[in-house]
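Undergrad: Quick one: structure below, then a few questions.
There are 6 protein chains.
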Amino acid sequence: MMLRSVLAIGAHPDDIELGCGGTLAAHRAAGDAVTMLVVTGGQNGPGSTAGRRAEAEAAARNLDCLLRWGHLVDCAVTADAGTIAVIEKAIRDTEADVIYVHAPDDSHQDHRAVTAATLSAARHNRRVLHYRSPSTTRFEPTVYVDISAHLDRKIDALSCHRSQVENSAMVDPEVVAASARHFGAQARVRYAEAFTPARFVWDLAPVPQMPLLTGIPAYPARVPA
Amino acid sequence: MMLRSVLAIGAHPDDIELGCGGTLAAHRAAGDAVTMLVVTGGQNGPGSTAGRRAEAEAAARNLDCLLRWGHLVDCAVTADAGTIAVIEKAIRDTEADVIYVHAPDDSHQDHRAVTAATLSAARHNRRVLHYRSPSTTRFEPTVYVDISAHLDRKIDALSCHRSQVENSAMVDPEVVAASARHFGAQARVRYAEAFTPARFVWDLAPVPQMPLLTGIPAYPARVPA
Amino acid sequence: MMLRSVLAIGAHPDDIELGCGGTLAAHRAAGDAVTMLVVTGGQNGPGSTAGRRAEAEAAARNLDCLLRWGHLVDCAVTADAGTIAVIEKAIRDTEADVIYVHAPDDSHQDHRAVTAATLSAARHNRRVLHYRSPSTTRFEPTVYVDISAHLDRKIDALSCHRSQVENSAMVDPEVVAASARHFGAQARVRYAEAFTPARFVWDLAPVPQMPLLTGIPAYPARVPA
Amino acid sequence: MMLRSVLAIGAHPDDIELGCGGTLAAHRAAGDAVTMLVVTGGQNGPGSTAGRRAEAEAAARNLDCLLRWGHLVDCAVTADAGTIAVIEKAIRDTEADVIYVHAPDDSHQDHRAVTAATLSAARHNRRVLHYRSPSTTRFEPTVYVDISAHLDRKIDALSCHRSQVENSAMVDPEVVAASARHFGAQARVRYAEAFTPARFVWDLAPVPQMPLLTGIPAYPARVPA
Amino acid sequence: MMLRSVLAIGAHPDDIELGCGGTLAAHRAAGDAVTMLVVTGGQNGPGSTAGRRAEAEAAARNLDCLLRWGHLVDCAVTADAGTIAVIEKAIRDTEADVIYVHAPDDSHQDHRAVTAATLSAARHNRRVLHYRSPSTTRFEPTVYVDISAHLDRKIDALSCHRSQVENSAMVDPEVVAASARHFGAQARVRYAEAFTPARFVWDLAPVPQMPLLTGIPAYPARVPA
Amino acid sequence: MMLRSVLAIGAHPDDIELGCGGTLAAHRAAGDAVTMLVVTGGQNGPGSTAGRRAEAEAAARNLDCLLRWGHLVDCAVTADAGTIAVIEKAIRDTEADVIYVHAPDDSHQDHRAVTAATLSAARHNRRVLHYRSPSTTRFEPTVYVDISAHLDRKIDALSCHRSQVENSAMVDPEVVAASARHFGAQARVRYAEAFTPARFVWDLAPVPQMPLLTGIPAYPARVPA
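Residue numbers (the numbering used here), protein chains in the order written: chain H, 1 to 225; chain U, 1001 to 1225; chain E, 2001 to 2225; chain L, 3001 to 3225; chain D, 4001 to 4225; chain F, 5001 to 5225.
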């Protein structure tokens, strides 16, 4: 049984849900394994660190994805060998064959650093897709995933980040839905998430799907030590 | 009293409303004169030519803008000397100092032709802004107009084009509102229309506004011979 | 049984083989239906029209794809309503859900015209990928298909176009292999064809593959009236 | 009385004058408040620190703008939280609604760092425009300000930086005038400064101008503690 | 004795002088053969056709270059097989190894058409450089030629086109000098012309120069039948 | 006797050979002086530091170029004042008038840092060309050097880096040859190396070549203290 192993990487709790939460839900629905790597604890945003950790765990549970923490510090990420090593280890551990990460042009220094470190760590990977964040500055997507069946799930997962939804001007579920419709129209579907590929090898016969697949037990959000 | 003279150019009835209807309403609210130049009669879309003409007149009335027809034929526009002359005349007649037109990268041949002809006709103008159409293929906007107070008006004007709203997959008021919210978030306002400038001279002290200005009579949609 | 329906479009006989012949072979291997639409008869290149027609049929047979002719004239293609109609009909007839066509920046006027007409005809399609030609002028690919198992087949199909391989400086199997290795290294596979997406909706669970699939009879190259 | 509040940010003394000195003069002429934030003392260029400070004060006086220092060190600026905080404070203190800063592609590391930090600090602002420096490497302007009435003032202000004009190959008033004419021709005016917008919301009815406005006293260059 | 053969192509009389007149003078000074191909007679600009022909001849004489006419009609050039054939013949006749032509993004339809036709005609050439025109809309040059010793000659040649200098807002020697200084500063020389390469093979050991070279007789402007 | 002085800069041993080894051989064949500046010792790749040093010396000897070390540490290069100073000194010492360096968009942090530092250090130079590395992420070359006569030499020099050729997926002579053929076809020659210019002033009459030139003694690889 061959499944895709998906690794989504974000600088802060809620970044991944904002950027590609619907796509991760679609991957799970297709039977793929999905791990979310949150590089920092989001120490600088609104909300306590413990609270944000709990929110991220709830969101991952909601999306039925594994959760993994990078243990770096919010607003102090650099694309150095240490950050690259954290991401390389996640790629190795998950044997990722699809990687999602922030878009390169972004006004948040942590986002830029995580993206640069990911491009380095993923230098041998065949599929690296950039998602959009509210702070992304340039973004001309050409690749889309249809999330019409998963938008609700995305909003639900995002809503788990209550400290952000309530206090950050950047996190607004109404905008998330509007952007999904906007990109959906571009993609000729109803709701879509949009991506710019760093490198995307389209696998024409990707995954011999087992009929039993939908029966595998959902795995719980887990925080590696 | 100096007012801005605005000229919005579109290939077909409904193109202008879709692309910059809210901005035109904002110009009218600021006291500017606005003319819409519809280059063809939209002969090839759904709806009769007479019907589409009436729809366009209703929409222009709704936006309180002058309407002007280019009398070219739908799906057969080329950026030749004839088309350029039609647009040059509109620029001269209106003494336009702001021009709106389709974005250059568009899958519809008429849109591309109208844009090319406009760039030629407007070669001496200081302000040419490209708006987005559902068929636009590449578009990275950097200039926005806040249409939060005018989105309803835009949707109303668009709804006048009943033949399109009901029959064309490309004309969907729900998507129009979603895109306005999407671009609004990018612009840090609520609802926005987005533009790419061909050339935009920002006039720091543009229009000595008369206090009486809001009292000028609305002018009716008019079809020049 | 759901299969993908693939439509590859090229201006002249041999364009499709050069640009995406390996990918078409990979689609056939994955059980997809593939149609090649050759828009002109290649009247202006070296070789007789009848000869080129026979070469194209041999190449399509080699790739096990359907062949369809557009009946336009070499070096005189324009992106007008007539050309668009030819392509729209092919899209409708094949119910294409993946479309391949030339890249937009190309020094050959026919290539540019076919691409523009395709973008118009495919305005409702979710997957349009641009392939590279020897005359392509700008091309920064981000999407790839692994053709390591199909490069020989590509070269074989191309070699059917003997009149071109022997007489055109632009058609050189050695360069074709070199480019496939170059793009393969970029894609982190051995041999690849490279694409720029106009619009690509990645279908995470595309095709419930039947185990019998490899047993379907190869269909012969056919020239519709 | 609503006036625009303008904040111009540069890495070193003379950067702002070179990039947008004419535009700042035009803002002052339109009655807007203007603050210049010089992030470093220019310790590494020719001239003593005290001398450069005096030159900057003279230039600001010449342009009738407030001057504010960032107190970072020349050639050692990074886009970290500290630099961002300095700029955030200036934005807050001035309630800036227009921000000018270096273009992102620049061979000077300080320029790149100041731009990155500004994009982060100004993440909620509606108007951020990038100006060109002699070390800018890529720059395709689309937004211009007509400085025909202010070029002399720009050159005067620049000339206050005698240590640079006399000793740096990068600071040459003759080139400044030539570039203003070059960009003026692009903008269809006589002399212009050119900008690339990070984000520019065009305010169609920006500033209810009071007739008394030209009577407000010019405010002196001031160095905050 | 091997000399470079240079072919400069422009849509109208004066286009070549505006775009690369200084560079042609530099080529002549280096001993290269230079032919100017003017594709149309400039029938639509100010000035009679005969007058413009005489002006072009005077300018070519001034630059000591051969002059060749394309005999197409102003404002009606298309990039079709006929235009391509005119340019192919010029390339063949001159055995050109360097070709100069308009930049592709230009608001004048003739300029775009001449550029497209040239890229097609020059498909086997190793050196095709695009020059800038006043109507060029996008242009980010990376290649320059130092014309510090030839700016006067460029202005002289341009001044031969009296009908344009006196009557066209687009032809202004003052702007020509300003742009040369602007691009010179970018290139780290005094005056430069700027180019974007379509394709440029840098010949490290290009031309075994004979010492007698400066003694070859200047050849007169000639109009082929 | 005027010769060009060429400076090629790379982050690690083997980077220069991969990116522009054939071009350096062509420069030597044209009689130019060539220095290779290797910024780090390649401490993090496969192979001992002493071994890599010896490999680099052998490769430089093979290409008949001078070798110079930057003494920075692999995977820890930043574009700070120290790195800039190392490169400025190399430029000054060699009086470089042509500089080669990595392309700016690259997934390796050292490559990006070396490029940024070089653009700063070379701010007064007229010719800076970017070469491609296996980790380069975006690259649209427009400038080429014909290395048909030097490909073997390039492969030989690269093969001196045995520790890399044998152990790094990124260093594969077969790919090097394929890319040279791919870029050669783009350049209309047999084998080429490809470049994107940061700034390239084309010297039309560059180097009065002395007939004796081929007789100058090859200079040995030398490691400055």
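Built from N, CA and C at the ideal position, the CB exists for glycine as well.
As the structure is a computational prediction, the values presented were derived from the model and not from experiment.
1) Quick one: is G70(H) buried, meaning 16 or more other Cβ sit within 10 Å of its Cβ, or exposed?
2) For A2096(E), which residues from the same chain have a beta carbon less than 6 angstroms from its beta carbon, with the 5 sequence-adjacent residues on both sides left out?
3) When you compare only the Cα positions, how much space is there between P2220(E) and H2130(E)?
4) For a minimum of 4 consecutive residues, which ranges assigned as the alpha helix (DSSP H) are wholly contained in the segment 5145 to 5178 of chain F?
5) Under 8 angstroms Cβ to Cβ from A180(H), same chain only, skipping five residues before and after it: list those, please.
6) Helix or strand or just coil, what does DSSP make of E4088(D)?
7) Given 7 angstroms as the limit, tell me if H1150(U) has its C-beta closer than that to any heavy atom belonging to the ligand MN.
8) If we ignore side chains and look at the alpha-carbon of each, how far apart do L4212(D) and R3132(L) end up?
9) For Q3164(L), which option in A3054(L), A3121(L), M3036(L), V3034(L) has the closest C-alpha, if you only look at C-alpha atoms?
10) Return the CA-CA distance between V201(H) and P5173(F), expressed in angstroms with no decimal places.
11) To which residues of the same chain is Y4100(D) closer than 6 angstroms at the C-beta, ignoring the five residues directly before and after it?
12) May I ask you to report which of helix, strand or coil DSSP gives L1063(U)?
13) For A4185(D), would you say it is in contact with chain L, using Cβ-to-Cβ distances shorter than 8 angstroms as the test?
14) With distances taken between CB atoms, is the gap from R1061(U) to R3188(L) smaller than 8 angstroms?
15) Who are the neighbours of A4076(D) on chain U, taking C-beta pairs under 9 angstroms?
16) Strictly under 8 angstroms for the Cβ-Cβ distance: is L2018(E) near chain F by that measure?
17) T4136(D) to T2115(E), Cα distance in whole Å?
18) Applying a beta-carbon distance threshold of less than 8 angstroms, which residues of chain L neighbour R1188(U)?
19) So, under 8 angstroms CB-CB, L5066(F) and T5035(F) are touching, yes? Tell me the CB distance rounded to an integer number of Å.
20) Name, in chain order, the residues that DSSP records as bridge partners for Y5191(F).
21) If you run the structure through DSSP and keep just helix, strand and coil, what is L2007(E)?
22) Go through its chain and collect everything with a Cβ distance to I3016(L)'s Cβ below 6 angstroms, but skip five positions before and after it.
23) Would you please verify whether the beta carbon of L2119(E) is less than 8 angstroms from any beta carbon of chain U?
24) Alpha carbon to alpha carbon, what distance is there between R52(H) and H161(H)?
25) Considering only the alpha carbon of each residue, which of M2170(E), H2124(E), A2050(E), A2149(E) lies closest to A1169(U)?
26) Once DSSP output is grouped into helix, strand and coil, what is the label at T5142(F)?
27) Taking the alpha carbon of R4199(D) as the reference point, which residue from T4094(D), T4142(D), G4045(D) has its own alpha carbon closest?
28) Thinking just about the alpha-carbon of each residue, which of V2171(E), D2110(E), A2178(E) is nearest to the one in P2134(E)?
29) So, at 6 angstroms on beta carbons, what are the nonlocal neighbours of D32(H) in its own chain, with the 5 sequence-adjacent residues on each side left out?
30) Can you tell me the Cβ-Cβ gap for Q5043(F) and D5074(F), rounded? I've got them flagged as a contact below 8 angstroms.
31) For a test of the three-state rule: what should DSSP assign to A3026(L), helix, strand or coil?
32) Can you say whether H1012(U) is buried or exposed, counting buried as having 16 or more other CB atoms within 10 angstroms of its CB?
33) Decide if S2107(E) is buried, meaning its Cβ has at least 16 other Cβ atoms within 10 Å, or exposed.
34) If the cut is a Cβ gap below 8 angstroms, which residues of chain H does A1056(U) touch?
35) In its own chain, which residues sit with a C-beta less than 6 angstroms from the C-beta of F183(H), not counting the 5 before and 5 after it?
36) Give the C-beta separation of A5113(F) and I5084(F) to the nearest angstrom, bearing in mind that I take them to be a contact with Cβ-Cβ under 8 angstroms.
TA: In brief:
1) As a position in the first sequence, residue 70(H) is number 70, starting the count at 1. Burial call: buried.
2) As a first step, residue 2096(E) must be located in the third sequence, where it is residue number 96. The answer, listed in chain order, is S2005, L2007.
3) If you number the third sequence from 1, residue 2220(E) lands on position 220. If you number the third sequence from 1, residue 2130(E) lands on position 130. Caution is warranted here: a pLDDT of 41 is assigned to P2220(E), below 50, making its placement in the model unreliable, and no coordinate value can be reported.
4) Listed in chain order, they are 5151 to 5159, 5162 to 5167.
5) In the first sequence, counting from the first residue as 1, residue 180(H) sits at position 180. Only G22, I147, L151, K154, Y191, A192, E193 meet the Cβ criterion.
6) Numbered from 1 along the fifth sequence, position 88 holds the residue referred to as residue 4088(D). The answer is helix: DSSP assigns E4088(D) an H, G or I state.
7) Among the ligands in the structure shown, none appear at all, so the ligand MN cannot be discussed.
8) Stepping through the fifth sequence from its first residue, residue 4212(D) is reached at position 212. Stepping through the fourth sequence from its first residue, residue 3132(L) is reached at position 132. Reliability fails at L4212(D), whose pLDDT of 37 lies under 50, so the model's placement of it is uncertain and no value is given.
9) To locate residue 3164(L), count along the fourth sequence from 1; it is residue 164. The shortest Cα separation from Q3164(L) among A3054(L), A3121(L), M3036(L), V3034(L) belongs to A3054(L).
10) Stepping through the first sequence from its first residue, residue 201(H) is reached at position 201. Stepping through the sixth sequence from its first residue, residue 5173(F) is reached at position 173. Between V201(H) and P5173(F), the C-alpha separation is close to 23 angstroms.
11) To locate residue 4100(D), count along the fifth sequence from 1; it is residue 100. Around Y4100(D): A4008, C4020, L4129, Y4131.
12) Taking the first residue of the second sequence as position 1, residue 1063(U) is located at position 63. For L1063(U), the secondary structure class from DSSP, reduced to helix, strand or coil, is helix.
13) Here residue 4185(D) corresponds to residue number 185 of the fifth sequence, with the count starting at 1. Contacts with chain L at 8 angstroms (Cβ-Cβ) include A4185(D).
14) Position 61 of the second sequence, counted from the first residue, corresponds to residue 1061(U). Position 188 of the fourth sequence, counted from the first residue, corresponds to residue 3188(L). No.
15) Sequence index remark: in the fifth sequence, residue 4076(D) carries index 76 (1-based). The answer, in chain order, is D1080, A1081.
16) Locating residue 2018(E) in the third sequence gives position 18, where the first residue counts as 1. Taking Cβ atoms only, chain F never reaches closer than 8 angstroms to L2018(E), which makes this a no.
17) Here residue 4136(D) is taken as the residue at index 136 of the fifth sequence, counted from 1. Here residue 2115(E) is taken as the residue at index 115 of the third sequence, counted from 1. Cα to Cα, the separation comes out at about 24 angstroms.
18) Here the question's residue 1188(U) lines up with position 188 in the second sequence. Within chain L, the residues near R1188(U) are H3124, N3125, R3126, R3199, V3201.
19) Residue mapping note: residue 5066(F) aligns to position 66 of the sixth sequence, counting from 1. Residue mapping note: residue 5035(F) aligns to position 35 of the sixth sequence, counting from 1. Here L5066(F) really is in contact with T5035(F); their C-beta atoms are around 4 angstroms apart, less than 8 angstroms.
20) Within the sixth sequence, residue 5191(F) is the residue found at index 191, counting from 1. Looking at the DSSP assignment, Y5191(F) forms no beta bridge with any residue, so it has no partner.
21) In the third sequence, residue 2007(E) corresponds to position 7, counting from 1. Three-state DSSP puts L2007(E) in a strand.
22) What you label residue 3016(L) is simply residue 16 of the fourth sequence in a count that begins at 1. Within the same chain, and ignoring the five residues on either side of I3016(L) in sequence, the residues whose Cβ sits closer than 6 angstroms to its Cβ are A3008, G3010, M3036.
23) The count along the third sequence starts at 1 and reaches residue 2119(E) at position 119. Chain U, which has a Cβ nearer than 8 angstroms to the Cβ of L2119(E), makes this yes.
24) Here the question's residue 161(H) lines up with position 161 in the first sequence. Here the question's residue 52(H) lines up with position 52 in the first sequence. The C-alpha of H161(H) lies about 7 angstroms from the C-alpha of R52(H).
25) Start at 1 with the first residue of the second sequence, and residue 1169(U) comes out as number 169. Nearest option by C-alpha distance: H2124(E).
26) Stepping through the sixth sequence from its first residue, residue 5142(F) is reached at position 142. Assignment of T5142(F) by DSSP, reduced to helix, strand and coil, places it in the coil class.
27) What you label residue 4199(D) is simply residue 199 of the fifth sequence in a count that begins at 1. Looking at T4094(D), T4142(D), G4045(D), the one whose alpha-carbon comes closest to that of R4199(D) is T4142(D).
28) Start at 1 with the first residue of the third sequence, and residue 2134(E) comes out as number 134. With respect to the C-alpha of P2134(E), the residue from V2171(E), D2110(E), A2178(E) having the closest C-alpha is V2171(E).
29) One-based indexing of the first sequence puts residue 32(H) at position 32. Here the set comprises L3, R4, V6.
30) To locate residue 5043(F), count along the sixth sequence from 1; it is residue 43. To locate residue 5074(F), count along the sixth sequence from 1; it is residue 74. Indeed they touch by this definition, with Cβ atoms about 4 angstroms apart.
31) Residue 3026(L) sits at position 26 when you count from the first residue of the fourth sequence. Residue state, collapsed to three classes: helix.
32) As a working mapping, residue 1012(U) is identified with position 12 in the second sequence. By the neighbour-count rule (16 or more Cβ atoms within 10 Å), H1012(U) is buried.
33) Locating residue 2107(E) in the third sequence gives position 107, counting from the first residue. Buried, because 16 or more other Cβ atoms sit within 10 Å of the Cβ of S2107(E).
34) Here residue 1056(U) corresponds to residue number 56 of the second sequence, with the count starting at 1. For A1056(U), no chain H residue has a C-beta closer than 8 angstroms to its own C-beta; the minimum C-beta separation is roughly 23 angstroms.
35) Translated into the one-based positions of the first sequence, residue 183(H) becomes position 183. The answer, listed in chain order, is A192, A194.
36) Working through the sixth sequence from its first residue, we reach residue 5113(F) at position 113. Working through the sixth sequence from its first residue, we reach residue 5084(F) at position 84. Distance from A5113(F) to I5084(F) at the Cβ level is roughly 10 angstroms; contact not present, criterion being Cβ atoms closer than 8 angstroms.
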